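Heads up, the thing below is written out as structure tokens.
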Amino acid sequence: MNAIFPTPDAAESERLLTGDEMEAALRDIGARRYHILHPFHRLLHDGELSKDQVRAWALNRYYYQAMIPVKDSAVLARMHDAELRRIWRQRIVDHDGDGPGDGGIERWLKLAEGVGFQRDYVLSTNGILSATKFAVEAYVHFVSERSLLEAIASSLTEMFSPTIISERVAGMLKNYDFITKETLAYFDKRLTQAPRDADFALDYVKKHATTPELQRQAMAALTFKCNVLWVQLDALYFAYVAPGMIPPDAWQPGVGLVAGADAPKAEAGPRKTAPGDTPRLPRGVRLRNDETRGKYVLLAPERTFDLDDNAVAVLKLVDGSRTVSQIADELGTVYAADPRAIEADICVMLDGLAEKRVLER
Amino acid sequence: MNAQAPIRPEAPAPVGLLAELTHRCPLRCPYCSNPLELDRRSGELDTATWQRVLREAAGLGVLHVHLSGGEPTARNDIVEITKTCADLGLYSNLITSGVGGALDKLQALYDVGLDHVQLSVQGVDAANAEKIGGLKNAQPQKMTFAAKVVELGLPLTLNSVIHRGNIHEVAGFIDLAVKMGAKRLEVAHTQYYGWAYVNRAALMPNKAQVDESIRIVEAARERLKGQLVIDLVVPDYYAKYPKACAGGWGRKLMNVTPQGKVLPCHAAETIPGLEFWHVTDHSLGEIWRDSPAFTAYRGTDWMQEPCRSCDRREKDWGGCRCQALALAGDAAATDPACSLSPLHAKVRALAVEEAAETPPDYVYRTIGSNIRSPLKEGASS
Chain A
2 MNAIFPTPDA
12 AESERLLTGD
22 EMEAALRDIG
32 ARRYHILHPF
42 HRLLHDGELS
52 KDQVRAWALN
62 RYYYQAMIPV
72 KDSAVLARMH
82 DAELRRIWRQ
92 RIVDHDGDGP
102 GDGGIERWLK
112 LAEGVGFQRD
122 YVLSTNGILS
132 ATKFAVEAYV
142 HFVSERSLLE
152 AIASSLTEMF
162 SPTIISERVA
172 GMLKNYDFIT
182 KETLAYFDKR
192 LTQAPRDADF
202 ALDYVKKHAT
212 TPELQRQAMA
222 ALTFKCNVLW
232 VQLDALYFAY
242 VAPGMIPPDA
252 WQPGVGLVAG
262 ADAPKAEAGP
272 RKTAPGDTPR
282 LPRGVRLRND
292 ETRGKYVLLA
302 PERTFDLDDN
312 AVAVLKLVDG
322 SRTVSQIADE
332 LGTVYAADPR
342 AIEADICVML
352 DGLAEKRVLE
362 R
Chain B
-6 MNAQAPIRPE
4 APAPVGLLAE
14 LTHRCPLRCP
24 YCSNPLELDR
34 RSGELDTATW
44 QRVLREAAGL
54 GVLHVHLSGG
64 EPTARNDIVE
74 ITKTCADLGL
84 YSNLITSGVG
94 GALDKLQALY
104 DVGLDHVQLS
114 VQGVDAANAE
124 KIGGLKNAQP
134 QKMTFAAKVV
144 ELGLPLTLNS
154 VIHRGNIHEV
164 AGFIDLAVKM
174 GAKRLEVAHT
184 QYYGWAYVNR
194 AALMPNKAQV
204 DESIRIVEAA
214 RERLKGQLVI
224 DLVVPDYYAK
234 YPKACAGGWG
244 RKLMNVTPQG
254 KVLPCHAAET
264 IPGLEFWHVT
274 DHSLGEIWRD
284 SPAFTAYRGT
294 DWMQEPCRSC
304 DRREKDWGGC
314 RCQALALAGD
324 AAATDPACSL
334 SPLHAKVRAL
344 AVEEAAETPP
354 DYVYRTIGSN
364 IRSPLKEGAS
374 S
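Those protein sequences? They're chains A and B, same order as listed. Read in order, the letters of the first sequence are residues 2 to 362 in my numbering. Read in order, the letters of the second sequence are residues -6 to 374 in my numbering.
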């Protein structure tokens, strides 16, 4: 029967794979085990998660992001070749940036803030699921304790990440109205960084896995890394999707958010009328003198608006050529009142009509 | 002064006239508000008579004229009739299916001063919509028509009659209205009179579906403020208080049938014993003021308890007379849609029961059908 990842069978395992075969075997591990396949990711990308579930993901994933330079420093510490270190240290620069406000971790913080978190809460790492911490720390230990080949091979999930990133960005922008392009800026950089890193690591692994045993170790390292990612989503799913068992010390919806993070977006609806606007009644809306009842009415689609004297005075001057200011000036003269005070009242009245879609500006 | 004149509630000036220009219609919707016995073309009023009716309506104080049917554009003189409205200062509202000849006449209607178009949409999914309307290929015609209305700069309202066959599409109707550039959307739960009463078991949604539809509409109203106005008509059977039928009997609206009969509401003919007058025999003013059908339930004097002493009696005017007859067997009873009616629980249970059943097939409306009115059966038993 097929193994979960294609560990060569006993006879096969004695054989040294060619470079192409090795690369195919590594890619096959990703095709089967990369976390893009996890149900939580499907929910995330398809817009099926609630805002709080997206928050839980962003918060927990921050811990992983924050530990990546720690992990890469551990890898770096084991490299005796300056040329190798120069290449590898770029990963740390990418994540930490060259100064405050720069780098991948910073961009992930922006993402967390974008979904409503207080920056300090995220930095505190309080509320991170223990399972997330265990998985991430296992990764750091792994690269410290195993061979350099295994440490580098474990980074090869980057081979698969451009796909997940483009799916994720497109899916999240499309499906969540609280996610903006700026929020997802983290992924823009990773789209170019990840392939560069992966190309190097893949070449390194193909070159240095010189025996069947070393090749198997490299494949096992990549499998391990896939599992590091996978179990983090298992934990998120278990805590925040189903059955929804949030561990006692983990983040609870509502905690660590900036004030008003869940308030409906302010200023929904039409913009306010300004004094420089030129209001007009659109086709299908008419001011009419109702002689039967001795008053003016505004006739509109399937409704009639009763108007007070002030509204009638304004609407008689709404002709698509006068601005609100001009109407206010004229009425100010007629009623011997301050045009600017009248102007404010007119704006309020016209806003009410615009909201009902019987006035345009 | 007029001591000997009968004391009758005063007739307020009417504000709306529903002109059912014809019962002919390419669609066959199973909830059509037309009567089960549809008027034939040969009996329809001629152009000159409609023009006179419109003049009289304007004189009485009518502001809005709803040019309806059937499909009003099925009449060859629809443009002339619309022009008469414009000449009289009447606000003209074309209530159309958008199929058949509607598109061809739209430009001319616009040119003579049509004020507003209300387009019916039966569903969002074309196959579902066309099943409900009973006409193949109707949906693309409707979409083309709607686009043309908006392109001309006419205000467009989409009207969706909601029932169990499309209640899952409420959010879709809202999206469709936005996409089409409509300014208004009517999400009107079916009112169970006429054909809808015949098809009630096929149409009645369950309470959870109704609640969900209301929730969707309320959320969308907030989201689309200033972009789309959504009017919601909730189904009577699940309501707490009834609707003021037509704004109160003989208070705001009148309905002229294709043959010229004047009704206080489009279903009033289901009430036996009411005497309706024709525009060919009387002026519209006489009919409005004095015809037995209009005076029968105008005001509050006719009311029984619990309406008679109710605080809401001049708010909802006792609800719908036709529904009172259909469900309580007495047109002067409190509308059983009202939670204060002794029959309310029974009506609600009926709705729940029917909504739980597998829906039967639609009985499509058609001219010359032999469908017997269950209302009349109910009344005589």
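Backbone N, C-alpha and C fix where the C-beta goes; we use that ideal spot for every residue, glycine too. Owing to the predicted nature of the structure, the values given are computational and were not obtained by experimental measurement.
Selection of the stretch 137 to 155 of chain B by Cβ proximity to chain A, strictly under 9 angstroms: LEU145, GLY146, LEU147, PRO148, LEU149, THR150
3 or more residues per run - each beta strand (DSSP E) lying fully within the stretch 232 to 320 of chain B: 246 to 249
C-beta atoms of GLU344/A and ALA355/A nearer than 7 angstroms: Here residue 344/A refers to the residue found at position 343 when the first sequence is read from its first residue. Here residue 355/A refers to the residue found at position 354 when the first sequence is read from its first residue. Not in contact: GLU344/A and ALA355/A (Cβ atoms no closer than 7 angstroms).
Distance, THR211/A Cα to THR126/A Cα: Against the first sequence, residue 126/A aligns to sequence position 125. Against the first sequence, residue 211/A aligns to sequence position 210. Those two C-alpha atoms are separated by around 41 angstroms.
Residue-chain proximity (TYR84/B, chain A), Cβ-Cβ < 7 angstroms: In the second sequence, counting from the first residue as 1, residue 84/B sits at position 91. Answer yes: the Cβ-Cβ gap between TYR84/B and chain A drops below 7 angstroms somewhere.
Contact residues within the stretch 5 to 16 of chain B, judged by C-beta distance below 7 angstroms to chain A: ALA6, VAL8
Which listed residue (GLU211/B, ALA317/B, ARG214/B) has its alpha carbon closest to that of ALA260/B: Within the second sequence, residue 260/B is the residue found at index 267, counting from 1. Checked all of GLU211/B, ALA317/B, ARG214/B; the closest Cα to ALA260/B is ALA317/B.
Best match in LYS233/B, CYS331/B, ARG193/B, HIS156/B for proximity to GLU347/B [C-alpha to C-alpha]: Residue numbering aside, residue 347/B sits at position 354 when the second sequence is read from its first letter. GLU347/B has its Cα closest to that of ARG193/B, out of LYS233/B, CYS331/B, ARG193/B, HIS156/B.
Any non-hydrogen atom of the ligand MG within 6 angstroms of ILE247/A CB: Among the components of this structure there are no ligands whatsoever, and the ligand MG is therefore not found.
Cβ neighbours of HIS271/B in the same chain (closer than 6 angstroms, five flanking residues each side left out): Counting from one through the second sequence, the residue named residue 271/B turns up at place 278. Closer than 6 angstroms at the Cβ level, and outside the excluded window around HIS271/B, lie GLY253, LYS254.
Element boundaries [beta strand (DSSP E), containing PHE201/A]: Reading the first sequence from its first residue, position 200 is the one you call residue 201/A. Counting along the chain, PHE201/A falls outside any beta strand (DSSP E), though it belongs to the alpha helix (DSSP H) covering 186 to 209.
Reference ALA222/A; option with closest CA among LEU157/A, TYR205/A, TYR187/A: Walking along the first sequence from the start, residue 222/A turns up at place 221. If we check each option's Cα against that of ALA222/A, LEU157/A comes out closest.
Nearest neighbour of ASP39/B, chosen from ILE209/B, TYR357/B, ASN69/B, SER26/B [CA to CA]: Stepping through the second sequence from its first residue, residue 39/B is reached at position 46. Ranking the options by Cα distance to ASP39/B, first place goes to ASN69/B.
Short CB-CB distance (under 7 angstroms) between ASP108/B and chain A: If you number the second sequence from 1, residue 108/B lands on position 115. With 7 angstroms as the cut-off, ASP108/B counts as an interface residue toward chain A.
Near-chain B residues of the stretch 344 to 356 of chain A - C-beta to any C-beta below 7 angstroms: ALA355, GLU356
Beta-carbon separation (whole angstroms), TRP252/A vs ALA67/A, contact threshold 8 angstroms: The residue given as residue 252/A occupies position 251 in the first sequence. The residue given as residue 67/A occupies position 66 in the first sequence. About 15 angstroms separates the two Cβ atoms, so there is no contact after all.
Start-end ranges of the alpha helix (DSSP H) lying completely within the stretch 14 to 57 of chain A, minimum 4 residues: 20 to 34, 40 to 46
Residue environment, LEU44/A, which counts as buried when at least 16 other CB atoms sit within 10 Å: Here residue 44/A refers to the residue found at position 43 of the first sequence. With 16 or more other Cβ atoms within 10 Å, it is buried.
Cα-Cα separation between TYR241/A and PRO254/A, rounded to whole angstroms: What you label residue 241/A is simply residue 240 of the first sequence in a count that begins at 1. What you label residue 254/A is simply residue 253 of the first sequence in a count that begins at 1. If I take the Cα positions, the gap works out to 9 angstroms.
Among ALA199/A, ALA301/A, THR224/A, SER51/A, the one whose alpha carbon lies nearest that of ALA32/A: On the first sequence, residue 32/A is found 31 positions in, with the first residue counted as 1. That would be THR224/A, whose Cα lies nearest to the Cα of ALA32/A.
Chain B within 7 angstroms of VAL313/A, Cβ atoms only: Numbered from 1 along the first sequence, position 312 holds the residue referred to as residue 313/A. It does not; no Cβ of chain B falls within 7 angstroms.
Whether PRO251/B touches PHE287/B by CB criterion (7 angstroms): Counted from its first residue, the second sequence places residue 251/B at position 258. Counted from its first residue, the second sequence places residue 287/B at position 294. No; because the gap between Cβ atoms is not below 7 angstroms, this pair is not in contact.
Cβ of LEU308/A within 7 angstroms of any chain E Cβ: Absent from the structure: chain E. Protein chains present are A and B.
Nonlocal neighbours in the same chain, by C-beta distance under 7 angstroms from VAL71/A, ignoring five residues either side: As a position in the first sequence, residue 71/A is number 70, starting the count at 1. Result list for VAL71/A: VAL141, in chain order.
Proximity test, Cβ basis, 7 angstroms: ARG177/B and chain A: What you label residue 177/B is simply residue 184 of the second sequence in a count that begins at 1. True, the Cβ-Cβ gap to chain A drops below 7 angstroms.
For LYS76/B: DSSP bridge partner residues: By 1-based counting over the second sequence, the position of residue 76/B is 83. Answer is none; LYS76/B lacks a bridge partner.
Straight-line gap, ARG304/A to VAL345/B (C-alpha atoms, nearest Å): Mapped onto the first sequence, residue 304/A falls at position 303. Mapped onto the second sequence, residue 345/B falls at position 352. Rounded to the nearest angstrom, the two C-alpha atoms are 33 angstroms apart.
Cutoff 7 angstroms: LEU196/B Cβ touching any chain A Cβ: By one-based count along the second sequence, residue 196/B stands at place 203. Not closer than 7 angstroms to any Cβ of chain A, the Cβ of LEU196/B fails to qualify, so no.
First and last residue of the uninterrupted beta strand (DSSP E) at GLU356/A: As a working mapping, residue 356/A is identified with position 355 in the first sequence. From DSSP, GLU356/A is part of no beta strand (DSSP E) but of the alpha helix (DSSP H) over 340 to 356.
Contact belief for GLY91/B with LYS135/B at Cβ below 8 angstroms, rounded distance in angstroms: Here the question's residue 91/B lines up with position 98 in the second sequence. Here the question's residue 135/B lines up with position 142 in the second sequence. That belief holds up - the Cβ atoms of GLY91/B and LYS135/B are roughly 4 angstroms apart, short of 8 angstroms.
Option nearest VAL180/B by Cα separation, candidates TRP188/B, GLY187/B, ILE74/B, GLU211/B: Position 187 of the second sequence, counted from the start, is the residue given in the question as residue 180/B. Of the listed residues, the one whose Cα sits closest to VAL180/B is GLU211/B.
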